[in-house]
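The structure appears right after this line, and notes come after that.
2 protein chains.
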Amino acid sequence: MSKFALGLDFGTESARAVLVNVATGQTAAQAVHPYADGVIDRILPVSGEALPPEWALQNPGDWLAALGVVVPAVLAQSGVAAQDVVGLGVDFTACTILPTTTEGVPLCEIEAYRRQPHAWPKLWKHHAAWAQADQVNRLALDREEPWLARYGGCISSEWVMPKALQMVEEAADTYIAAGRIVEGADWVVWQLTGRLVRNACAAGYKATWHKADGFPSVDFLAALHPNMVGLYSDKLAGPVVAPGQLVGGLTVKWAQRLRLVEGTPVAVPIIDAHAGVLGAGMSGPGTMFMCMGTSTCHMLMSQNEALVKGIAGVVEDGIVPGLFAYEAGQPAVGDMFAWFIEHAVPQAYCDEANKKGQPLHDFLGEKAANLRPGQSGLLALDWWNGNRSVLVDAELSGLLLGCTLTTTAEEIYRTLIEATAFGTRVIIETFLAQGVPISSIIAGGGLTKNRLLMQIYADVTGRTIAVSGTEQASALGAAVLGAVAAGQHRGGYDSLAEAVAIMVPCPAEVYRPTAEHLALYNALFAEYRRLHDYFGDRQNEVMKVLRRLRRQQAKTSHIS
Amino acid sequence: MSKFALGLDFGTESARAVLVNVATGQTAAQAVHPYADGVIDRILPVSGEALPPEWALQNPGDWLAALGVVVPAVLAQSGVAAQDVVGLGVDFTACTILPTTTEGVPLCEIEAYRRQPHAWPKLWKHHAAWAQADQVNRLALDREEPWLARYGGCISSEWVMPKALQMVEEAADTYIAAGRIVEGADWVVWQLTGRLVRNACAAGYKATWHKADGFPSVDFLAALHPNMVGLYSDKLAGPVVAPGQLVGGLTVKWAQRLRLVEGTPVAVPIIDAHAGVLGAGMSGPGTMFMCMGTSTCHMLMSQNEALVKGIAGVVEDGIVPGLFAYEAGQPAVGDMFAWFIEHAVPQAYCDEANKKGQPLHDFLGEKAANLRPGQSGLLALDWWNGNRSVLVDAELSGLLLGCTLTTTAEEIYRTLIEATAFGTRVIIETFLAQGVPISSIIAGGGLTKNRLLMQIYADVTGRTIAVSGTEQASALGAAVLGAVAAGQHRGGYDSLAEAVAIMVPCPAEVYRPTAEHLALYNALFAEYRRLHDYFGDRQNEVMKVLRRLRRQQAKTSHIS
C-alpha cells in the first residue's frame, strides 16, 4: 500500500494542501482555499474602522477555516485512506505574528480586544512599524550589538522586534495581555498538536535567534523599552527546533475535523519560501533557489557562516540541519505586476484581451515579448514595496523613468519585469562579491509559468535558470518535512537529503541567456545600478521625504 | 450695421474659426473641424510606410479642407453677411514647416516627392532632428554666435535650423527641390492672398531672426553644411513683418471657396500661443500669459531686451510692435494627461465613469480633488515630451517616483498635474531671478476649464491666476489681428492696444492660492527642483542613454 505525506502551504491570500506519494513524489491531489478576509489593509472587519496606511493584517480564523476545507478535499479527491497519511508538514508566510493567550487563543478572538487592530495577526507585509525598526537599528548600532551583522547590518520593519515594539508603543494593554506572540506557522501547529514549538527558520530569520548565541540580550530589550524586557523569555517562550523534527501527533479534535488519524505526526514548520528550497530539490550548498511569487525570496546554503552586507539573514539549521542558510529577498514582484494589472492597464487592452479570451497577464506578456531590450526607453526601480535586499529599507518606493507620449502599457509591463530581474542581479552580485559562491540557480513559485519573465531573468543575470519540477515547491517542501517527521519506521524518511532526493522531481524546464541580449542588459543594468545607489544609498532622500509627507497628510485627512 | 473680424486658429488636431463682433468682442459664431490625417506619427498615409520614432507630420491639404468647412459654417450659423467681415487673422502652431515650390505648391502634393516623408510638413512636435539640434548648438557655441544667447543658450530640435538640416542630411534631393521652406501660418496666408510674407513672431522664435541683426550669417550656415548656405536668402526668402500688418486681400478663388468678399484684408499671422496673449487681453509689459493646452506656452512682454537662461526666445515685434516678447514653454501638459487617460487608467475606473456618464478626466479629477498635497507620496518630472524651459532638452523624459502597491490612478493623475505646475514655477522663478518682473498671471486655453488643475497651479506658484474671459483666446487674438489689418477706415482698428481693449472680455474667473497648501507645496517643490537639476543638468545622463538605446533598438527591429 502506498504512503503519503501532506504538505500545507499558507500563503498571503490562500492556503493549499498537497498530498504527495512518499515513494514516488507524485502529487495525488491538491486543493486551495482563499482566506475570506484576505489581506486586511483598509478596514478592520469587526468594526469597519479604517486602518492607517501600510498596515496589513490577517484573520487567524481564515487559516483554520481553509485547513478544514483543503485537507478533507485532497483526501476525498485522491481516495487516499487516512491511515496512509504518514505525516504532515506546514509552511507559512513570515514574519506573520499574532498575540495570543498562554493557551494560544488569539486576542483578536476575545471580545475585549477584537476592536483593537494590534490584537490581529500582523502579516509579513505590514509596514507600519518603520519608526520602530529605525529605533531598533539605531540602538543596536549604538550598542554594537553582535547579532546585527547577521542581518546585513539592519533589521527590517517586517520582523518581530519592530512589530512587537509598535504594539508596545501604540497598544500597551494589548501587548501586556498577550501571553504569547507567535508566528502563524507555529500557531497553526500548536492548534494541531497542542504543543508550542518555535521553528528555527522563522526564529532565526525574523526573531534574531542564533543557534549558539540565542536571542538578543535582556539589556538590549530594556534599553529599547521597559515593556519589551520579557519579549523573548516570556512572549516568545518555547523551544526553538529545526524544521522537520517531530512536534507531536494530531489531536483528536483536529483529526476529526481534518478526517485524519489521531496522532498523525506533525513536523516543525518552516517559512514558505524556505520550504520551496526543499521542494525544488535542494538539500546542499551552492545552488541559489528563487521562490518567485507575490514577492521573491532568494535562498542559498553554505557550509560556512559569512556576514553578507544587505542580506536579510543567515541562520544555522534554517532549512537543513548543520548548514547555514542565507536569505535575501524582493518584497514585491508578482505583487507589483498585479498592481500594474489592477491600476494601470487601459480599457482598450482589457477589451481586446477579453475578446481573445486571454488573461490580461498573457495578453500583455505577448505584446511585451515582441519588444527588444532597451526598445521602450524605460527603466524602473522595483521598489513598489520597499527594498529588502541589499538596501534593507522599506521606506524606498518605486520609480519609473523614461516615459514619453508614445509609451505603451506593454512597455511599462516589460520594464517592471526587467526591474525585478535587475534587483535579483544586484543580490547575486552581492553574494559573489562577499565570497558566497553560486554555482547554479533554480526557480520555483507561480511566476515561473511566465516564460517571458523567466527568459528576461536568464538574459539579465547571464545565468542558466532551471525551473523546479513542481509548481508547488513550498507545499511539496512542507510534505517532505511531514515525511521526515514521520521517520522511516512510520513509512517516511529519517533524513531530509534522502526525502528530497526521492520525493522531488527533476527540473521542468531550463532557460538559457540569449547571447545578443547580454550587452544590452549590461548597459541597462549599469543605469539601474546607478539609480539604485543614488536613491538607495541616501544620496537623495526624496523617497523618505515623500513617505513622511504622505504619513502626515494621511493623519491630517483622518482628523479632518 | 455691425462689423465682424474672423479669427482662424490652426491647432495640432483641428482648425477653428471664430467670428467676432468688432465693436463688442462678442463671438457671433464658431466652428471646428478636425484634420483628417491628424498627427502623422506612425505611418505615412500615401505609402503606408512606417515612420521612425519621434517623427510628427501633418497634411497641408487637411488645413485647407478645414478652412473650407469652418469659415462657411460660421457665416451660415451667424447669418453675418460676407461684406460685414472686415478682416481675417490667422494663428498657427509653430515651428510647423513645409517645403514647397517657389509658387507655394507643397512638395508632398507632387507625385515625385509624395512618398518621401521629408516632403511633408514637419509638425512642431516632430522630435527626430535631435542630432541636428546638437550639431547646430555645438557649432554656434564654438563660434560664439551672438544670436545663441537670445534663445537661452540653446536651439530646440523643434525649430527651423535642425528640421532643415535633418532634411539636408536625410533627403538632400527633396531639400534642393524645395524652392521655399515655409511656416504653416505663412503658407496658409500665402494661399489666401497670393503673397508670401514671413510673420515676425515665428521668424523670431523659430527661425532665429532678429529685427536689427537679421538671420544668422551665411558663414555659419556654410560651416554647418554646404547645402545650408541658401537657407535664409533663398528657402526662407520674403519680407519679415510684424503680426497684424496687412498682407493683402483675399483672392477670388478663396473668396468663393470661403464665401467671403474678394479683397477682404488678411493680416500677417502669428503663432497660436502668442495670439492667445492678445486674446487674453494683454498688450503691455509685466503680465505673464500661460496658454494651456496640449502644451503650455508662457509669454511675457517687456520694454527691455534681457537674455534669460533657458528661456526659448525673446523677439522684438514678436507680438506687439515695439515690445520685446519672451516665450517659455512646457512641451507636454494636456498631452501628458491625455496620454495618461489613454494608456494608464484601469477598466474599473472607465466602467464607473461610464456608469456615471462622466468623462474620464472629470471622474479622475473629482477623485484627485479629494487628495491633499503630499498625500499620495508621489512626485513626477513632467518631461513626457522633453523639457523646453528652462533646460531646453527634448531628450529628457518623464519620471514617476514614490509608487507603492497602494498607489491609485487618481494619485498619479494628480501628481502629473502637480508636476506641470512645478514646471511652471521653475519658469517663473527663472524669469524673476534674471530680472524680468512678473506682476500678474493670466491663463487661457482648454485646460483652464479644469478647476482642480487651476487651483493646483495657484497653490504651487503661490500666485493669483486670472482666467481669460474667452475660451478661445488664440482664435480671438487672430480676430483682433484681422481687425487691425483692416484698419479703422475699413471698420477695424488702427492700433493693437485699442483693438485688444475693446474686443477682449474681462477675466472669467480668478484662482487664489490656498494658504494651508503653500508650505506643503514648497516642500514638494524643493524635491522636484532637486530631481529636475539632477536629471536635467547632466549629473545623471540616464535619460539620454535610454533614448540612445531606444533609437538603436527601433532601428534594429526595423531591419530584422
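From first to last, the protein sequence lines stand for chains A and B.
If you count the first sequence from 1, you need to add 1 to reach our numbering.
If you count the second sequence from 1, you need to add 1 to reach our numbering.
Just so it is clear, CB atoms sit at the ideal spot from N, CA and C, and this is done for glycine as well.
Since we're looking at a predicted model, the values are computed, not measured.
Query raised in the report: Relative to chain B, which residues along the region 378-412 of chain A have a C-beta separation below 9 Å, given in chain order?
Result: Of all residues in the region 378-412 of chain A, Gly378, Leu379, Leu380, Ala381, Leu382, Trp384, Trp385, Asn386, Gly387, Ser398, Gly399, Leu400, Leu401, Leu402, Gly403, Cys404, Thr405, Leu406, Thr407, Thr408, Thr409, Ala410 have a Cβ within less than 9 Å of some Cβ in chain B.
Query - Among Asp92(A), Pro46(A), Pro54(A), nearest to valine 19(A) - alpha-carbon criterion - result: Of the listed residues, the one whose Cα sits closest to valine 19(A) is Asp92(A).
Report task. Determine, using beta carbons only, whether histidine 362(A) comes closer than 8 Å to chain B. Result -> Using beta-carbon distances, histidine 362(A) does not count as an interface residue toward chain B, since no partner is under 8 Å.
Query raised in the report: Around the Cβ of isoleucine 560(B), are there at least 16 other Cβ atoms within 10 angstroms (buried) or fewer (exposed)?
Result: No answer about isoleucine 560(B) holds up, because its pLDDT of 48 lies below 50 and its placement is not dependable.
Query raised in the report: In chain A, which residues lie with their C-beta within 9 Å of the C-beta of tryptophan 340(B)?
Result: In chain order, Cys404, Thr405, Leu406, Thr407, Thr408 make up the part of chain A whose C-beta sits under 9 Å from the C-beta of tryptophan 340(B).
**Report entry** Between the CA atoms of tyrosine 36(A) and leucine 577(A) - distance to the nearest angstrom
**Finding:** This structure cannot speak to residue 577(A), because chain A is shown only from 2 to 561.
Query raised in the report: What three-state label does DSSP hand valine 198(B) in the structure shown?
Result: Coil at valine 198(B), not helix or strand.
Report task. State the Cα-Cα distance for the pair alanine 74(B) and methionine 162(B), rounded to the nearest angstrom. Result -> Their backbone Cα atoms lie some 38 Å apart in a straight line.
**Report entry** Whole-angstrom C-beta distance between alanine 16(A) and tryptophan 64(A), which should lie under 8 Å
**Finding:** Their Cβ separation, rounded to whole angstroms, is 6 Å, which keeps tryptophan 64(A) and alanine 16(A) in contact under 8 Å.
Report task. Would you list the one or two residues that DSSP bridges to phenylalanine 579(B)? Result -> The structure shown does not extend to residue 579(B), since chain B is modelled only from 2 through 561, so no value can be given for it.
Query raised in the report: Would the region 350-362 of chain A and the region 291-305 of chain A be scored as touching if the rule is three or more Cβ pairs under 8 Å?
Result: In this structure the region 350-362 of chain A does not lie against the region 291-305 of chain A, because fewer than three pairs of beta carbons, one per stretch, are closer than 8 Å.
**Report entry** Assigned exposure category for glutamate 14(A) - 16 Cβ within 10 Å defines buried
**Finding:** By the neighbour-count rule (16 or more Cβ atoms within 10 Å), glutamate 14(A) is not buried but exposed.
Query raised in the report: Three-state secondary structure (DSSP) at lysine 254(B)?
Result: It is helical.
Query - Under 9 Å by beta carbon: chain A residues contacting aspartate 318(B) - result: Counting only Cβ-Cβ distances below 9 Å, aspartate 318(B) has no contacts in chain A at all, with the closest Cβ about 33 Å away.
Query raised in the report: Does the count of Cβ pairs from the region 394-406 of chain A and the region 265-276 of chain A closer than 8 Å reach three?
Result: No, the region 394-406 of chain A is not in contact with the region 265-276 of chain A.
Query raised in the report: Enumerated in chain order, which unbroken segments of the beta strand (DSSP E) with a length of 3 residues or greater are wholly contained in the region 67-122 of chain B?
Result: As for any beta strand (DSSP E) of minimum length 3 sitting wholly inside the region 67-122 of chain B, the runs are 86-93, 98-101, ordered along the chain.
Requested in this report: Report yes or no: is there a C-beta of chain A within less than 8 Å of the C-beta of proline 347(B)?
Outcome: With 8 Å as the cut-off, proline 347(B) counts as an interface residue toward chain A.
Requested in this report: Throw me the rounded Cβ distance for the valine 33(A) and valine 71(A) pair, which I believe falls under 8 Å.
Outcome: About 7 Å separates the beta carbons of valine 33(A) and valine 71(A), which is inside the 8 Å limit, making them a contact pair.
Query raised in the report: What residues in the region 446-457 of chain B bring their beta carbon closer than 7 Å to a beta carbon of chain A?
Result: Result list empty, no residue passes.
**Report entry** Simplified DSSP assignment, three categories, for glutamate 14(B)
**Finding:** DSSP places glutamate 14(B) in coil when its eight states are reduced to three.
Report task. From the DSSP output, in three-state form, read off tryptophan 56(A) for me. Result -> The DSSP-derived three-state label of tryptophan 56(A) is coil.
**Report entry** Burial state of glutamine 31(B) (16 or more Cβ within 10 Å)
**Finding:** Answer is buried; the Cβ neighbour count reaches 16.
Query - C-beta neighbour in chain B for methionine 291(A), strict 8 Å - result: With 8 Å as the cut-off, methionine 291(A) does not count as an interface residue toward chain B.
Query raised in the report: Whose Cβ in chain B lies nearer than 8 Å to the Cβ of proline 54(A)?
Result: Thr407, listed in chain order.
Query - methionine 283(A), DSSP secondary structure in three states - result: Under the three-state reduction of DSSP, methionine 283(A) is assigned to coil, being neither helix nor strand.
Query - aspartate 42(B) - DSSP class collapsed to helix/strand/coil - result: Reduced to three states, the DSSP call for aspartate 42(B) is coil.
**Report entry** Given 8 Å, three or more beta-carbon pairs between the region 249-264 of chain B and the region 224-236 of chain B
**Finding:** The region 249-264 of chain B, when compared against the region 224-236 of chain B, does not touch it at the 8 Å Cβ threshold.
**Report entry** Stretch-stretch touch, CB-based, cutoff 8 Å, three pairs: the region 400-410 of chain B with the region 426-439 of chain B
**Finding:** Under the Cβ criterion (8 Å, minimum of three pairs), the region 400-410 of chain B does not count as touching the region 426-439 of chain B.
Query raised in the report: DSSP three-state call for phenylalanine 325(A): helix, strand or coil?
Result: Residue state, collapsed to three classes: strand.
Requested in this report: Can you give me the Cβ contacts of glycine 105(B) inside the same chain, cut-off strictly under 6 Å, excluding the 5 residues immediately before and after it?
Outcome: Trp191, listed in sequence order.
**Report entry** Inter-residue CB distance, arginine 415(B) and proline 54(B) (contact presumed, cutoff 8 Å)
**Finding:** No, arginine 415(B) and proline 54(B) are not in contact; Cβ-Cβ is about 29 Å, not under 8 Å.
Report task. Name the residue from Gln376(B), Gly335(B), Gly294(B) whose alpha carbon lies nearest to the alpha carbon of alanine 524(B). Result -> With distances taken between CA atoms, alanine 524(B) lies nearest to Gln376(B) out of Gln376(B), Gly335(B), Gly294(B).
Report task. Name the two residues that bound the continuous beta strand (DSSP E) containing glutamine 31(B). Result -> DSSP places glutamine 31(B) inside the beta strand (DSSP E), whose first and last residues are 28-35.
Report task. Just grab the DSSP bridge partners of leucine 9(A) for me. Result -> Partner(s): Ala18(A), Val91(A).
Query raised in the report: What three-state label does DSSP hand arginine 181(A) in the structure shown?
Result: Secondary structure at arginine 181(A): strand, using DSSP grouped into helix, strand and coil.
**Report entry** Assigned exposure category for isoleucine 320(B) - 16 Cβ within 10 Å defines buried
**Finding:** So isoleucine 320(B) ends up on the buried side.
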